[in-house]
Structure formats: structure tokens, C-alpha cells
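Report on one structure; see the data block that follows.
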Amino acid sequence: MNEKAEHFYEELEKAVETDQLVLPTLPEVALKIREAVESDNSSAQQIAETLTQDASLSARLIQVANSPLYRSRNPIDDLQMAVTRLGIRMVKDLVISLAMKQIFQATSDVLDEHFRSTWNTAVEVAAISRMMASAVPGLNPEQALLAGLIHNIGALPILVMAEDDDDLFNDSDALGEMIILLQGRVGELILKHWNFPEPMIEVVQEAHNFSYEHDGDANFVDLVQTSLLQGGHVPASHEPEDWGSVPAFAKLGMDTEVNVIEIEENQEIIENTKQTLMI
525 MNEKAEHFYE
535 ELEKAVETDQ
545 LVLPTLPEVA
555 LKIREAVESD
565 NSSAQQIAET
575 LTQDASLSAR
585 LIQVANSPLY
595 RSRNPIDDLQ
605 MAVTRLGIRM
615 VKDLVISLAM
625 KQIFQATSDV
635 LDEHFRSTWN
645 TAVEVAAISR
655 MMASAVPGLN
665 PEQALLAGLI
675 HNIGALPILV
685 MAEDDDDLFN
695 DSDALGEMII
705 LLQGRVGELI
715 LKHWNFPEPM
725 IEVVQEAHNF
735 SYEHDGDANF
745 VDLVQTSLLQ
755 GGHVPASHEP
765 EDWGSVPAFA
775 KLGMDTEVNV
785 IEIEENQEII
795 ENTKQTLMI
């Protein structure tokens, strides 16, 4: 890592420690749902009652339950029915995913443009990851969705800090490079602050490390990396010349010559997922 990036990270870390820069936080209801589900003794009724504390999230969850991704024969208009139909553990991941949109709210018009671009990338990567996970044993599609959404969460504090540095903020190439270099470390700070599990922390740490290797079966890092590459979300300066050298493709058993996004059936699933996240 170059000296300027290291210095910038040290300044960011210091700003966090002295409360000059506040790390993004998950909405309270999303945290309560996560705690309730992890306790293993919550009913659909209790989860639904907790959700009613956030009218926006409640409405969006019902919309998601009725979306093309999960639609059943009978429309759902009741929160408890939505929780029962989707399942408590799935609801936990979906609620956190839906709450993520609230985190990408900027405090200025200039930041808003950058945040929106970052969110759009997250949604695209999440949608591709979810689609691919459905064909990979052992990888839950809703957790894959969440992995895609959080992979670039570290960019947000970097953008907030960079806004005070005119030279950096107004140089899109330099800013993009700074984000690529640091978002993994900053994302790790955020996810540890949120008490996220290690597999998700590993996603933010390794998303752009295309030489990343690991033992065992394919994991969420593999999904996110292939989604980034196939979705065209890696700057040319950081894209591997030969995708065949990226271990993630082999782990997933994917042919680097085939772009799964271009398959019509997959396109429909990806678009439906994106629309669901944009609700």
C-alpha cells in the first residue's frame, strides 16, 4: 500500500477513535431482529411485532414477499404471514439487506452522487451473487445477497473523509484508487463494529484480492469476486489480465469464457433482485 493511502487510513482511524467520524450503523430494528433470531427462541409473531417498530422496513418486507423472487399463489398482506412464509432466518438476512439502503444516505449533494454510485454497484453485485448462489451447494442465496451488498461498505467513510480533501475528492482516478486500496480495511472496521460473522468480514477484506485462495468449498468471497468481474465493476487498473488465474472461478466451477449475466434466464433473476432491493 502506498504511503498516501496508509496516511489517509491512519487519519480515518484516528477520526473514528475520537468520534470525529462516525462509522455507519445498522437501523435499530435490523439489530433487534438479528438478536432475536440468534437467540433461537423467537416466533414469527415476535419477529413481526419487532418489525412493526419500523413502518418502512415492514412495508418493504411485505413487498419483497410478494415480489417475483418469492411470490406464491396467494398474495401476502400481513406481516406475520410474510415472516412465516419466508422463514425467520431468511427474514433476518432480508431485513438487514433492506436496511442497508438507509445507510447509503449522504449529508450533501456532492456525497450523494458518490454514495448512489456505490449503492448501485453493491446492488448489482448482490443480485449477481444471489443468482449464482442458487446453483452452489452450501451457499445460502440470501446470505450471498447480503455479501454483495456489504462488499464495498468501506467506501462510505472514505468518501466522507475525502470530501474535506479537495485535491483527492475532485480527482476521480485518485479517489477510486484510494477506495480500492482501503475499503477492505475500513469495511472490516465497520463489520466488526456491527458484530458480523467472520465469513462476511472476509468478503470485505478480500473482495478485490483476486489472488485470494482458501481451502474447502466455494465461499461468499468467490461469489462476490466473480460477480464483480462479470458485472464489469473492477477498474481496468485492478482487473486481472487473465480471469483463468482467479481461483474463485475454479472454486465455483465456472468457465471464464462464459458470462453468466448474458444468459437470458439469469438476466431476469438479476433484474428481479435489483428491483426488490430498490423498493
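Here the numbering used here is used: position 83 in the sequence shown is 607, and no number is missing along the way.
A virtual CB, placed ideally from N, CA and C, is assigned to each residue, including glycine.
In the three-state reduction of the DSSP assignment, V728 falls in the helix class. Sequence-distant Cβ neighbours of S582 in its own chain, meaning closer than 7 Å and more than five residues away, are L575, T576, L603. In the three-state reduction of the DSSP assignment, M778 falls in the coil class, being assigned neither a helical nor a strand state. A straight-line Cα-Cα distance of about 25 Å links F744 and K556. In the three-state reduction of the DSSP assignment, D601 falls in the coil class. A distance of 8 Å or more separates the beta carbons of S621 and L550. Contact between E737 and P771 holds, since their C-beta atoms are separated by about 5 Å, short of 8 Å. Contact annotation: V728 and I677 have beta-carbon atoms nearer than 8 Å. In this structure, the beta-carbon distance from G755 to I793 does not fall below 8 Å.
Per DSSP, W643 is one residue of the alpha helix (DSSP H) stretching across 633-657. Here the C-alpha atom of L663 lies approximately 21 Å from the C-alpha atom of M624.
Rounded to whole angstroms, L692 and A698 show a C-alpha spacing of 6 Å. Counting only runs of 4 or more residues that sit fully inside the stretch 600-629, the alpha helix (DSSP H) segments are 603-610, 612-627, in chain order.
For N790, the uninterrupted alpha helix (DSSP H) run begins and ends at 788-801, by DSSP. For P592, same chain residues with a beta-carbon under 6 Å away, outside a window of 5 residues either side, are N796 in chain order.
Comparing alpha carbon positions, the residue from H638, M685, K528, S653 closest to A671 is S653.
In this structure A650 is buried. Its beta-carbon is surrounded by 16 or more other beta-carbon atoms within 10 angstroms. Counting every other CB atom within 10 Å of its CB across the protein chains shown gives V748 a total of 16 or more, marking it as buried. Under the three-state reduction of DSSP, Q667 is assigned to helix. Under the 8 Å Cβ criterion, the stretch 708-715 counts as touching the stretch 537-549, having at least three qualifying pairs. Between L618 and I674 a beta carbon distance of about 14 Å is seen, past the 8 Å cut, so the two are scored as non-contacting. The Cβ atoms of D746 and L776 sit closer than 8 Å to each other. By the criterion of a C-beta distance shorter than 6 Å, A731 is surrounded in its chain by H675, V748, once the five residues flanking it on both sides are discounted. Every unbroken stretch of the alpha helix (DSSP H) spanning 4 or more residues and falling wholly within the stretch 682-765 is given here in chain order: 690-693, 696-717, 722-730, 744-754. S580 carries a helical assignment under DSSP once its states are collapsed to helix, strand and coil. Nearest C-alpha to M778 among S580, A606, K798, S751: S751. Here DSSP, grouped into helix, strand and coil, assigns R595 to coil. Separation of H531 and L705 (C-alpha to C-alpha, rounded to the nearest whole angstrom) is 12 Å.
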